[in-house]
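2 protein chains.
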Amino acid sequence: MEFSEYFPIWNQLKPWQQETVSAKVTFRTVKKGAMLHSGTDCTGLLLIKAGQLRAFILSKEGREVTIYRLFDRDLCLFSASCVLRSIQFDITVTAEKDTELWIIPADVYKQLMEQSAAVSNYTNEIMASRFSEVMWLMEQIMWNSMDKRVASFLLEEAAIEGADLLHITHESIANHLGTHREVVTRMLRYFQSEGMVRLSRGAVELTDRTKLELLSEV
Amino acid sequence: MEFSEYFPIWNQLKPWQQETVSAKVTFRTVKKGAMLHSGTDCTGLLLIKAGQLRAFILSKEGREVTIYRLFDRDLCLFSASCVLRSIQFDITVTAEKDTELWIIPADVYKQLMEQSAAVSNYTNEIMASRFSEVMWLMEQIMWNSMDKRVASFLLEEAAIEGADLLHITHESIANHLGTHREVVTRMLRYFQSEGMVRLSRGAVELTDRTKLELLSEV
């Protein structure tokens, strides 16, 4: 499978634009845990062939909160924040699974955007979509209690993995949600006492989805 | 002063595009407190000639949090969320001061974006700029304590008003910050005891900016 089959608006590029992009993209394979982007680097846009990435923000004290995840065929824009001068925040991107991806250099993409309304409008849609995820997250943080957020997170993970047994640590859940490990551990023990999950070393098993869903609903 | 002098990329529109937009925009004058947009309505883009608007999100329980403000020459994009199908959140926009503005119908703007890379890229920059404000806000909510947030808010208000005496209620501050009035009142009383503000009915006066600035710094 080629880059052209993964780049969503390939057919809207002119032949010479297709040539330029093809000549400039690089293909990479990274292992689970690899850091792909951090801070103000202008790494370029990441187009995922297969795998899973996580974008998060980091506090000065090292606390994390996941702002979105990227799956097959997703394009990561904010790893190339130099493309848009109004982007004034830094994200970190790491691989949550072994991942194959293409990197589109920021200057190449920026030129495409300037030349082509189609590329620019597509970029608008990506940004609007990430913006919506962040607004959802902010609403969760503002108005929802941590029990609902942990329940939602477990259900989301189970949906991503297609399994009820999640190999994930309390520390890692805390990093996704921007809270402390102790808070997550306390919540999971409460869930276990209510029969919603079963805890074991390095794993959480969902044992009552219906109850978790009821809890996660706002 | 005409619309053409306020619309930032007027000169990048083709003459027939300029004609279409001119024919379709409407000019409005609204009083302080007026609601300009709410929920999923596709009100159109708001271009501010003079005044001040506030965009906020609303919880089911009626709690508010300000996500950004708009001043002279600013363009409000999310009051026309139907322009971009990936926008999946609702904001409310009200006038914080008497405001004169133009409304650009969503379908007119959408057509411009599709035709013109300049308009689309400009839209990208606006969205990136709002996105950055929301990310800043989220970082504040996640990592910063309420004392810092109240101090920052008072300093920002003083900058907007160009005055140290702010005619604002505790309720209104709470609505900006997404918290409860009691929390704000407690914090302001503490600030007063530290000599940073002086409280009176319906007003907060900043009496020690340096101390507030020290407090607000992360």
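Protein sequence lines correspond, in order, to chains A and B. Residues 2 to 219 in my numbering are what the first sequence spells out, letter by letter. Residues 2 to 219 in my numbering are what the second sequence spells out, letter by letter. Think of the CB as a built atom: it goes at the ideal place given N, C-alpha and C, for glycine as much as any other residue.
Listing by chain order, which chain A residues have their CB less than 9 Å from the CB of residue i?
| i | result |
| --- | --- |
| B:A96 | Near B:A96 there are no residues of chain A at all, since even the closest Cβ is about 22 Å away, more than 9 Å. |
| B:S87 | N125, E126, I127, M128, A129, S130, R131, F132 and S133 |
| B:E101 | In chain order: nothing, as chain A lies at least about 25 Å away. |
What does a CB cutoff of less than 8 Å around residue i pick up in its chain, not counting 5 residues either side in sequence?
| i | result |
| --- | --- |
| B:M188 | M147, D148 and V151 |
| B:R210 | L156, A159 and D165 |
| A:Q141 | K149, R150 and S153 |
Between the beta-carbon of residue i and the beta-carbon of residue j, is there less than 8 Å?
| i | j | result |
| --- | --- | --- |
| A:M114 | A:S121 | yes |
| B:L46 | B:C77 | yes |
| B:G40 | B:D99 | no |
| B:L138 | B:I68 | yes |
| A:E65 | A:F57 | yes |
| A:N125 | B:T124 | yes |
| B:E97 | B:R55 | yes |
| B:S217 | B:S133 | no |
| B:M136 | A:F90 | yes |
| A:T186 | A:V109 | no |
So residue i and residue j are supposed to be a Cβ contact under 8 Å. How far apart are they, rounded?
| i | j | result |
| --- | --- | --- |
| B:A118 | A:S87 | Not confirmed; about 17 Å, so no contact. |
| B:R70 | B:I49 | Actually they are not in contact, since the Cβ atoms of B:R70 and B:I49 sit about 10 Å apart, beyond 8 Å. |
| A:T95 | A:A35 | 7 Å |
Could you check if residue i is buried or exposed, using at least 16 other CB atoms within 10 Å of its CB as the buried criterion?
| i | result |
| --- | --- |
| B:S194 | exposed |
| A:A164 | exposed |
| B:H171 | buried |
| B:K61 | exposed |
| A:K33 | exposed |
| B:N176 | buried |
| A:L215 | exposed |
| B:S201 | exposed |
| B:H168 | exposed |
| B:F28 | exposed |
| A:A107 | buried |
| A:A81 | buried |
For the ligand MG, I want to know if residue i counts as a neighbour, meaning its beta carbon is within less than 7 Å of at least one of the ligand's heavy atoms.
| i | result |
| --- | --- |
| B:E157 | As presented, the structure is devoid of all ligands, the ligand MG included, so that no description of it is given. |
Beta-carbon within less than 7 Å of residue i's beta-carbon, same chain only, minus the 5 sequence neighbours each way: which residues are those?
| i | result |
| --- | --- |
| A:T180 | M147 |
| A:F192 | V198 |
| B:T208 | G196, M197, V198 and R199 |
Leaving out five residues before and five after residue i in sequence, what residues of the same chain have Cβ atoms less than 6 Å from its Cβ?
| i | result |
| --- | --- |
| B:F4 | V26 and W103 |
| B:I105 | V26, G45 and L46 |
| B:W11 | S5 |
| B:L37 | V94 |
At a CB-CB cut-off below 7 Å, which residues of chain A make contact with residue i?
| i | result |
| --- | --- |
| B:N122 | M114, E115 and S121 |
In chain B, which residues lie with their C-beta within 7 Å of the C-beta of residue i?
| i | result |
| --- | --- |
| A:A35 | In chain order: nothing, as chain B lies at least about 24 Å away. |
| A:G179 | M143 |
| A:V66 | M143 |
So with CB distances below 9 Å, who are the chain B contacts of residue i?
| i | result |
| --- | --- |
| A:V22 | Those do not exist, as A:V22 stays about 16 Å from chain B at its closest Cβ, beyond 9 Å. |
| A:A118 | M114, E115, Q116, S117, A118, A119, V120, S121 and N122 |
I want to verify the contact list: residues of chain B whose CB lies under 8 Å from the CB of residue i, in sequence order.
| i | result |
| --- | --- |
| A:W17 | Those within 8 Å of A:W17 in chain B number zero; the least Cβ separation is about 16 Å. |
Interface residues of chain A around residue i at Cβ under 8 Å?
| i | result |
| --- | --- |
| B:W137 | Q89 and F90 |
| B:S60 | E140, M143 and W144 |
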